[in-house]
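Reviewing the structure listed below.
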Amino acid sequence: MTPSDRGIGAPILAVEGVSLAFGGVRALQGVSFDVREHEVRAIIGPNGAGKSSMLNVINGVYHPQEGTITFKGRSRRDMVAHEAAAQGIGRTFQNIALFRGMTVLDNIMTGRNVKMRSTFLEQSIWIGRARREELAHRRKVEEIIDFLEIQHIRRTPVGRLPYGLQKRVELARALAMEPELLLLDEPMAGMNLEEKQDMCRFILDVNEQFGTTVVLIEHDMGVVMDISDRVVVLDYGRKIADGTPDEVRGNQTVIDAYLGVAH
Amino acid sequence: MLYREAGQFRATYAEDQQIFPLRQDRVAIGVLLVAAFIAVPLVADQYWLSALLIPFLIAALAALGLNILTGYAGQLSLGTAAFMAIGAFATYNFVLRVPGIPILAAFVLAGICAAIVGIVFGLPSLRIKGFYLAVATLAAQFFVLWAIQRIGWITNHSASGVITAQNIAILGVPIDTPRAKYLLTLSVVAVLALLAKNLVRSETGRAFMAVRDMDVAASVIGIPLMKTKLLAFAISSFYCGVAGALYAYTYLGTVEPEAFNLELSFRILFMIIIGGVGSVLGSFLGAAFIVLLPIALNLVVPPISEAAGIEIPHAIISNLELMIFGALIIFFLIVEPLGLARLWQIAKEKLRLWPFPH
Amino acid sequence: MGSPVSFFFEVVISGLLAGVMYSLVALGFVLIYKASGVLNFAQGAMVFFAALTFVSLVERGVNFWLAIAITLAVMIVLGILTERIVLRPLVNQPAITLFMVTIGLTFFLEGLSQGIWGSQPHGLELGIQDQPMQWLADRTGMFVSQFDLFASAVAAILVTGLALFFQRTRIGRALRAVADDHQAALAVGIPLKQIWAIVWAVAGFVALVAGLLWGARTGVQYSLTFVALKALPVLMLGGFESIAGAIVGGLIIGASEKVAEVYVGPYVGGGIESWFPYVLALVFLLFRPEGLFGEKHIDRV
Ligand SMILES: Nc1ncnc2c1ncn2[C@@H]1O[C@H](COP(=O)(O)OP(=O)(O)OP(=O)(O)O)[C@@H](O)[C@H]1O
Ligand SMILES: [Mg+2]
């Protein structure tokens, strides 16, 4: 399929000249790139290149010292995490960030919180809008549970799940937000081959069925080549390449960066 | 086979999301409520009502308040008693200064006063976390008590800040017997517990737990940390405030600010540690435990010491009580950090299988 | 009475001297926090336990120095037992759980000490009078208590000694490594358990000194456990893991508390020292959440 077949459109997100430093550590230096609607965009780079930091800037967990972020036509200096969520940015984390004290179902239900309107008073009386909302959102969450094939662990506290399933629940929680832009930080790290294949399938299904734009960080080059439309390469906080998987694969700077050639 | 869920299929999400999805639980709660509202007032004597049940219910309410903040929203507070004090003294002032105010309205308004102060002392939670915050809540404990003691207006310029709860009535029925006081306390506590149970299983409760378990992830899925934490402080303080009002009006009658000291805050913290953090039921179990323990000790120790022929002075018993409290806290935190509520849950699971082990 | 200026200095100095005493208690917290990540609320109960044990021994005719030696031994055993029985099973638990367990420990120790020695208050005599230093009063018109000077000198020596101990000795360096990263410390072969035992023993020793000084000042009674409450705002200000923070924080809290008490207290009915340090520390943290000497930190995700 060509990009136009899949309905890839205008940029939904653009970061321009983003720089971020922690004390003396310069995690990002003047990074710019864009993400088009409906595409699967990969960010790759060696350890410590600033990939996770980039995602954190996009959804307002970190606040860059310089640069602008433009999402759905609105430009900002930085994002605020819970507002980014309300505007349609979903996210999973490199190190699993589930709510350990809650069941799978409740974890995924928290993804619907942004969409709930009833007040705490209505909820505590459990009538009218609060009750209707709770049921409607439960239905939606069950769809996601079916989609990701995790019906059997619905009631399990997430802490008791194996790693691969926890990753899947985290994806489910992000999907529950019905995001327009989904940021995935190493969704397949630490998985076995079969789990990786499942995860790839889910990501592609999400992208195709829901039209969700995906930005994904991944170390497994095979996966990146398979599922992404375009790739950004970061190294020491700088963007060193940007293009289709094939273009990036042939790029000498990228090869050097991965081989650790001195600059 | 006593306690089975087999055969109870929940066909709709509405059934699945009932407050007590299991029929046994619904029956048990029903029986408990009938017993508490009808049987107990008929059979219990004054000692039982005034010295055991009323303080138990009030403690459970305060523990529930603290549990909402600490157990559900994950913000440890050492200032619970201060919010109870606000509830008690605010009620006193509403009754004193607003002629004819219904007592329930006074309780609610007093709870709202506590909630407002709770929000003020919750503000630091936006910038500081963990035990920095826990220590910061001590500021509430000390400041509020100081303010009540020093600002004469609050205590109507009574000597050393002691106030005497006015006589109260509901719809013309005077609340002046232990039985009436018990029923009033029970009604307030039952209603507030029901509201809390609903709250923690809906959107707000999940937001609280999300903030507790991982605040960054919570904000990333759209839960505003500031609003959620302050709401937890407000609701928690409201509950503690109402508990404090009951403490003055249906339990002690005459209170001084010192009654709401740090020791009381710790006791309520102990209730939720022993009963179960993050559990409505646990608040009640923990309160029962902490209220009953000293009474049980005073019942048990003298006969034993008599039998053994040694005399144990009262002071020793109260020190023994301190040691047992302390040891239990240590024990529970090490062995069963989710407290009695968790033990009860395990017992239920066992019971469900009984008499067949599988 | 001297001029308003010398009176002001008198207030500040007595505040600073009290502050050194706060630092001393705060130091006990910092030691344990650095080594094992526990905010040991029971530090106050340990101070009380030490003072009560010492006084009770002396009252029973035990020689002063022998009583100190016995109490020290008891405190060390207590510290080590606490580490073994209470904290070791909770390794890797959330910090807040560890904090709560030390509140339990507080109650236990309070009950234990009074259970053994009784609940009545005792006086404690160290042989130094709580009277103004005459020659200072003669020369400058300032009244500064001789006992306060003595107590803060002892506290200052102890604080400096411990600071040096942790900067210069091998154990001290090992301890700092432990504080930075438990796993890494284990990996390079630092005997974690031994370090913890040493730290708890040292904390017991600090509690003894604090117990003697505070006990002599206020009498040995239940309320002595509240000295912990004096140290907590110091720690909020200075950070739970900074010895320098404990010292500077103690001085700031001590001085500003006294100044506020003398110059503001009368207008609001007095007694503000119960909450003033907390509010001061809180306001400070609102503007600088990382504390006096802490570094700005952004959670990694
Ligand atoms: N919260 C933080 N505080 C201090 N330094 C940070 C923080 N987050 C990231 N860094 C630093 O910024 C740099 C980039 O880190 P980042 O996590 O973005 O890298 P990455 O490309 O995701 O690496 P990896 O492949 O290992 O996940 C690193 O040097 C890291 O140590
Ligand atoms: Mg990363």
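Protein chains in written order, with the working numbering: chain F, 7 to 269; chain P, 17 to 374; chain U, 19 to 319. Yeah, the Cβ is synthetic: ideal placement off N, Cα and C, and Gly gets one too. Owing to the predicted nature of the structure, the values given are computational and were not obtained by experimental measurement.
- Item | Distance cut-off 8 Å: residue 102 of chain F Cβ against heavy atoms of ligand 2 | On the first sequence, residue 102 of chain F is found 96 positions in, with the first residue counted as 1. Incorrect: residue 102 of chain F has no Cβ contact closer than 8 Å to ligand 2.
- Tell me which same chain residues have a C-beta within less than 6 Å of the C-beta of residue 298 of chain P, skipping the five on either side of it? Walking along the second sequence from the start, residue 298 of chain P turns up at place 282. 291, 292, 355, 357.
- Within-9 Å CB hit, residue 52 of chain U to chain F: Along the third sequence, read from residue 1 onward, the residue named residue 52 of chain U stands at position 34. No, its Cβ sits nowhere closer than 9 Å to a Cβ of chain F.
- Helix, strand or coil at residue 282 of chain U [DSSP, three-state]: Working through the third sequence from its first residue, we reach residue 282 of chain U at position 264. Residue state, collapsed to three classes: coil.
- Query: Per DSSP, residue 305 of chain P forms a beta bridge with which residues?
  - Reply: The residue labelled residue 305 of chain P in the question sits at position 289 within the second sequence. In the DSSP output, where bridge partners are listed per residue, residue 305 of chain P has none listed.
- Does residue 365 of chain P come within less than 9 Å of chain F when only Cβ atoms are used? If you number the second sequence from 1, residue 365 of chain P lands on position 349. Not one chain F Cβ lies under 9 Å of residue 365 of chain P.
- Do you know offhand how far residue 223 of chain U's Cα is from residue 86 of chain P's? One-based indexing of the third sequence puts residue 223 of chain U at position 205. One-based indexing of the second sequence puts residue 86 of chain P at position 70. Between residue 223 of chain U and residue 86 of chain P, the C-alpha separation is close to 34 Å.
- Assign residue 257 of chain P to one of three DSSP states: helix, strand, or coil. Taking the first residue of the second sequence as 1, we reach residue 257 of chain P at position 241. The answer is helix: DSSP assigns residue 257 of chain P an H, G or I state.
- Answer yes if the segment 228 to 244 of chain F comes into contact with the segment 48 to 57 of chain F, meaning at least three C-beta pairs across the two stretches below 8 Å, and no otherwise. yes
- Query: For the putative contact between residue 270 of chain P and residue 178 of chain P, defined by C-beta atoms under 8 Å, what is the C-beta separation to the nearest angstrom?
  - Reply: Within the second sequence, the letter at position 254 stands for residue 270 of chain P. Within the second sequence, the letter at position 162 stands for residue 178 of chain P. The Cβ separation is near 6 Å, so the contact holds.
- State yes or no: is the beta carbon of residue 316 of chain U nearer than 9 Å to at least one beta carbon in chain F? Working through the third sequence from its first residue, we reach residue 316 of chain U at position 298. Interface residue, yes.
- Message: Between residue 245 of chain F and ligand 2, is there a pair consisting of the residue's CB and a ligand heavy atom that are separated by less than 8 Å?
- Response: Translated into positions along the first sequence, residue 245 of chain F becomes position 239. No, the beta carbon of residue 245 of chain F sits no closer than 8 Å to any heavy atom of ligand 2.
- Task: Could you tell me how far apart the beta carbons of residue 245 of chain F and residue 63 of chain F are, in whole angstroms, since I believe they sit closer than 8 Å?
- Result: As a first step, residue 245 of chain F is located in the first sequence; it is residue number 239 there, counting from the start. As a first step, residue 63 of chain F is located in the first sequence; it is residue number 57 there, counting from the start. At roughly 13 Å, the Cβ-Cβ gap does not stay under 8 Å, so residue 245 of chain F and residue 63 of chain F are not in contact.
- Same chain only: Cβ atoms within 8 Å of residue 250 of chain F, ignoring 5 sequence neighbours per side: Here residue 250 of chain F refers to the residue found at position 244 when the first sequence is read from its first residue. Around residue 250 of chain F: 235, 236, 237.
- In the DSSP assignment, find the unbroken beta strand (DSSP E) run with residue 38 of chain F in it and report its ends. Position 32 of the first sequence, counting from 1, holds the residue named residue 38 of chain F. Unbroken beta strand (DSSP E) run through residue 38 of chain F: 31 to 42.
- residue 245 of chain F by DSSP, collapsed to three states: which one? On the first sequence, residue 245 of chain F is found 239 positions in, with the first residue counted as 1. Three-state DSSP puts residue 245 of chain F in a strand.
- Message: Is any non-hydrogen atom of ligand 2 found closer than 8 Å to the C-beta of residue 317 of chain U, if you look at the structure I gave you?
- Response: Along the third sequence, one-based indexing puts residue 317 of chain U at 299. Residue 317 of chain U: no, Cβ never under 8 Å from ligand 2.
- Under 7 Å by beta carbon: chain P residues contacting residue 107 of chain U: As a position in the third sequence, residue 107 of chain U is number 89, starting the count at 1. The answer, in chain order, is 350.
- Return the chain-ordered list of same chain residues with a C-beta closer than 7 Å to the C-beta of residue 193 of chain U, the five sequence neighbours on each side being excluded. Residue 193 of chain U sits at position 175 when you count from the first residue of the third sequence. Only 52, 53, 184, 213, 217 meet the Cβ criterion.
- So what does DSSP say about residue 336 of chain U, is it helix, strand or coil? The question about residue 336 of chain U has no answer here: the residues shown for chain U are numbered 19 through 319.
- Task: Give a yes or no on whether 9 Å exceeds the smallest Cβ distance from residue 62 of chain F to chain U.
- Result: For this step, residue 62 of chain F is matched to residue 56 along the first sequence. Yes, residue 62 of chain F counts as interfacial toward chain U.
- residue 37 of chain U and residue 229 of chain U closer than 9 Å at C-beta: Translated into positions along the third sequence, residue 37 of chain U becomes position 19. Translated into positions along the third sequence, residue 229 of chain U becomes position 211. Not a contact, by the Cβ cut-off of 9 Å.
- Query: Among P/282, P/368, P/324, P/95, which one has its Cα closest to the Cα of residue 121 of chain U?
  - Reply: Counted from its first residue, the third sequence places residue 121 of chain U at position 103. The residue with the shortest Cα to Cα distance from residue 121 of chain U is P/282.
- Message: Distance check for residue 95 of chain P and residue 26 of chain F, CA to CA, integer angstroms please.
- Response: Position 20 of the first sequence, counted from the first residue, corresponds to residue 26 of chain F. Position 79 of the second sequence, counted from the first residue, corresponds to residue 95 of chain P. Near 39 Å, if we compare the C-alpha coordinates of residue 95 of chain P and residue 26 of chain F.
- Sequence-distant residues of the same chain with beta carbon closer than 8 Å to residue 237 of chain U, five excluded per side: Translated into the one-based positions of the third sequence, residue 237 of chain U becomes position 219. Hits under 8 Å: 139, 140, 141, 142.
- My understanding is that residue 289 of chain P touches residue 348 of chain P, with C-beta atoms under 8 Å, so please give their C-beta distance in whole angstroms. The residue labelled residue 289 of chain P in the question sits at position 273 within the second sequence. The residue labelled residue 348 of chain P in the question sits at position 332 within the second sequence. 6 Å between Cβ atoms; contact.
- Cβ of residue 313 of chain U less than 9 Å from any chain F Cβ? In the third sequence, the residue the question calls residue 313 of chain U occupies position 295. At least one chain F Cβ lies under 9 Å of residue 313 of chain U.
- Message: Please tell me whether, using a cut-off of 8 Å, the distance from the CB of residue 176 of chain F to the nearest non-hydrogen atom of ligand 2 is below it.
- Response: Residue mapping note: residue 176 of chain F aligns to position 170 of the first sequence, counting from 1. Not so, every heavy atom of ligand 2 lies at least 8 Å from the Cβ.
- In terms of residue numbering, what span does the alpha helix (DSSP H) encompassing residue 131 of chain U cover? If you number the third sequence from 1, residue 131 of chain U lands on position 113. Looking at the DSSP string, the run of the alpha helix (DSSP H) that includes residue 131 of chain U is 113 to 135.
- Task: Quick one: grab the DSSP three-state call for residue 191 of chain P.
- Result: Taking the first residue of the second sequence as 1, we reach residue 191 of chain P at position 175. Looking at residue 191 of chain P - three-state DSSP - the assignment turns out to be coil, as it is neither helix nor strand.
- Message: Only counting the same chain, and skipping five residues up and downstream in sequence, which positions put a Cβ closer than 7 Å to that of residue 277 of chain U?
- Response: Taking the third sequence and counting its residues from 1, one reaches residue 277 of chain U at position 259. The residues are 29, 30, 33.
- Task: Say yes only if the C-beta of residue 52 of chain F is nearer than 8 Å to one or more non-hydrogen atoms of ligand 1, and no if none qualify.
- Result: In the first sequence, residue 52 of chain F corresponds to position 46, counting from 1. Answer for residue 52 of chain F: yes, Cβ within range of ligand 1.
- Query: Can we count residue 225 of chain F as close to ligand 1, meaning its CB is less than 8 Å from some heavy atom?
  - Reply: Within the first sequence, numbered from 1, the residue matching residue 225 of chain F stands at position 219. Answer for residue 225 of chain F: yes, Cβ within range of ligand 1.
- Message: Please classify residue 240 of chain P as buried or exposed, where buried requires at least 16 neighbouring CB atoms within 10 angstroms.
- Response: Locating residue 240 of chain P in the second sequence gives position 224, counting from the first residue. When all chains shown are included, residue 240 of chain P counts as buried.
- Cβ pair residue 33 of chain F, residue 100 of chain F closer than 9 Å: The residue given as residue 33 of chain F occupies position 27 in the first sequence. The residue given as residue 100 of chain F occupies position 94 in the first sequence. No, the pair does not count as a contact, with Cβ atoms beyond the cut-off.
- Opposite residue 76 of chain F in the DSSP bridges: which residues? Here residue 76 of chain F corresponds to residue number 70 of the first sequence, with the count starting at 1. Beta-bridge pairing links residue 76 of chain F to F/20, F/81.
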